[in-house]
Every structure is written in C-alpha cells, then in structure tokens.
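Shown next, in structure tokens, is the structure this report addresses.
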Amino acid sequence: SCRDGKPGAAILLCPCEHEHQEQDPPAYKQRPGGLPREIDRIENQELRFMKLGGRLIWWGLLLLVISGIFLISIDPAGYFSSAKLLAKITIVGIIVINGIIFHKVHIPFLETQLGIAFADSPAFVKRSGFLMASGGISFVSWVFTVILGMLQRVPYGYAEIMGVYVLAMIAMVIGAVLMKKIVLHLK
479 SCRDGKPGAA
489 ILLCPCEHEH
499 QEQDPPAYKQ
509 RPGGLPREID
519 RIENQELRFM
529 KLGGRLIWWG
539 LLLLVISGIF
549 LISIDPAGYF
559 SSAKLLAKIT
569 IVGIIVINGI
579 IFHKVHIPFL
589 ETQLGIAFAD
599 SPAFVKRSGF
609 LMASGGISFV
619 SWVFTVILGM
629 LQRVPYGYAE
639 IMGVYVLAMI
649 AMVIGAVLMK
659 KIVLHLK
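Basically the numbering used here = 1-based index in the sequence shown + 478.
Put into structure tokens, the structure is as follows:
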C-alpha cells in the first residue's frame, strides 16, 4: 500500500492518487477557515530565526550610521541642508525606535505564544494589530530608506518626502488591521 502500513503516512506525497486522499485530508482542511498548521502559530525555530535576523539588522544599522557619520563629516553644511538626507536620518531613527519596540516588546511576547494557534490565543488576538503595524512600519521605513539612498537627487523638500512617507505608513497600518482580520478570521 502507498501508506506503508502507517496510518496517515505519505498521504500528501502519494503519487497513486487513490481515494485515500479524499478520505484523509490534511488537518488544516478539517478546520473551517483555518490556516495550515505550519503557519497558524509560531514555533521555536521561527523565533530563533527572528532573533538572528534581528541581530543582523542591528549590525546593518550600525554600519549605516557609521557610514553616514563619515559621509556627513566630508561636508556637514552641504549634507545637513539636504532634504533627502534629513528625511533619511528621520526614517532611520524611526527604524531604530521600531526595532527597539520589536525586540523589547514583540519578541518576548511571541516567546510566550510558542506553539499556540494565533486565533486560539486571546492575548495574541489582542496584540496582533500592534505587532502587524510594527511590521508594516518597518517595511515602509526600510523601503523608503533604500529608495532615498539610491536616488541621486530628490526634487522635493523634507515636508513633501515625509508627507509621502506618513501616507505610506498610514496605508500600511490600515493594511495590517485588515490582514489581522483575514489571518485570524475576525469579523
């Protein structure tokens, strides 16, 4: 038999396409509206990966700050009169604050949620909007930082650059709230 005598073994990998695939659907298909088990909770390996990624990002930020200091030291007056540089410094500051929040608030909280399905945890449901908003702020901030770093010149002032940045962050936070409802199947 294609199960090798083990109940439930190799159902998803079976090439014969027998009727057992209809009889024994994966567990996530048995839960109405549920996410696959692999993504409906955080496991220890994923948490370790987040911590490692966080350390790499902190080293990257340190290099960004050091290189920025050296660059500015070449022509302080010229660089500090640049709306592009001032916007980038502001956004990097937001990345640092958000990173501190992520590592001091979100990661310790996620450690308490290991192995618990997101939708089954009232604490996660309550805090998930904040967690997703933080991720959205991080995403928008890094994208803006990279784009500003790549552009030779920006024909806009500080207020215009930051205005677009704030609008992008608002859109991302709204998206995070919607994503929370989708992921957790909330009404």
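Glycine included, each C-beta is placed from N, C-alpha and C at the ideal position.
Would the segment 625 to 638 count as touching the segment 559 to 567 if we require 3 or more Cβ pairs under 8 Å? yes
With 16 other Cβ atoms within 10 Å as the buried cut-off, status of Ala654: On the sequence shown, residue 654 is found 176 positions in, with the first residue counted as 1. That one is buried.
List in chain order: all unbroken alpha helix (DSSP H) runs of 4+ residues lying wholly within the segment 519 to 600. 522 to 552, 554 to 558, 561 to 579, 585 to 589
State the Cα-Cα distance for the pair Gly641 and Val651, rounded to the nearest angstrom. Position 163 of the sequence shown, counting from 1, holds the residue named residue 641. Position 173 of the sequence shown, counting from 1, holds the residue named residue 651. C-alpha separation (whole angstroms): 15 Å.
How would you label Gly614, buried or exposed, when you count the other beta carbons within 10 angstroms and need 16 or more for buried? In the sequence shown, residue 614 corresponds to position 136, counting from 1. Counting Cβ neighbours within 10 Å, Gly614 comes out buried, since at least 16 surround it.
Contact belief for Ile573 with Ser619 at Cβ below 8 Å, rounded distance in angstroms: As a working note, residue 573 is residue 95 in the sequence shown. As a working note, residue 619 is residue 141 in the sequence shown. Right, their Cβ atoms sit about 5 Å apart.
Does DSSP put Leu629 in a helix, a strand or coil? The residue given as residue 629 occupies position 151 in the sequence shown. In the three-state reduction of the DSSP assignment, Leu629 falls in the coil class.
Where does Gly635 sit, in a helix, a strand or coil, going by DSSP? Against the sequence shown, residue 635 aligns to sequence position 157. In the structure shown, Gly635 sits in coil (DSSP, three-state: anything other than H, G, I, E or B).
Determine whether the beta carbon atoms of Lys529 and Ile585 lie at a separation below 8 Å. The residue you call residue 529 lines up with position 51 of the sequence shown. The residue you call residue 585 lines up with position 107 of the sequence shown. Yes, the pair counts as a contact, with Cβ atoms nearer than the cut-off.
Within 10 Å of its beta-carbon, does Val543 have 16 or more other beta-carbons around it, so buried, or fewer, so exposed? The residue given as residue 543 occupies position 65 in the sequence shown. The residue is exposed, with fewer than 16 neighbouring Cβ atoms inside 10 Å.
Of the listed residues Ile660, Phe622, Tyr634, Leu656, nearest to Trp644 (C-alpha basis): Position 166 of the sequence shown holds residue 644. Strictly speaking, residue 644 in this sequence is Val, with Trp absent from that position. Looking at the Cα atoms, Phe622 is the closest of the given residues.
Whole-Å CB distance - Leu588 paired with Leu525, under 8 Å assumed: Against the sequence shown, residue 588 aligns to sequence position 110. Against the sequence shown, residue 525 aligns to sequence position 47. For a cut-off of 8 Å, the C-beta gap from Leu588 to Leu525 is around 6 Å, short enough to register as a contact.
Excluding the 5 residues preceding and the 5 following Gly593 in the sequence, name in chain order all residues of the same chain whose CB lies nearer than 7 Å to its CB. One-based indexing of the sequence shown puts residue 593 at position 115. Contacts found: Arg519, Glu521.
Alpha carbon to alpha carbon, how far is Asn658 from Gly607? As a first step, residue 658 is located in the sequence shown; it is residue number 180 there, counting from the start. As a first step, residue 607 is located in the sequence shown; it is residue number 129 there, counting from the start. Note on residue identity: the sequence assigns Lys, not Asn, to residue 658. Rounded to whole angstroms, Lys658 to Gly607 spans 6 Å at the Cα level.
Within a Cβ cutoff of 8 Å, which residues of the same chain sit near Leu549, ignoring the five residues on either side of it in sequence? The residue labelled residue 549 in the question sits at position 71 within the sequence shown. Hits under 8 Å: Tyr557.
By how many angstroms is the C-alpha of Thr590 removed from the C-alpha of Phe602? Start at 1 with the first residue of the sequence shown, and residue 602 comes out as number 124. Start at 1 with the first residue of the sequence shown, and residue 590 comes out as number 112. Cα to Cα, Phe602 sits roughly 10 Å from Thr590.
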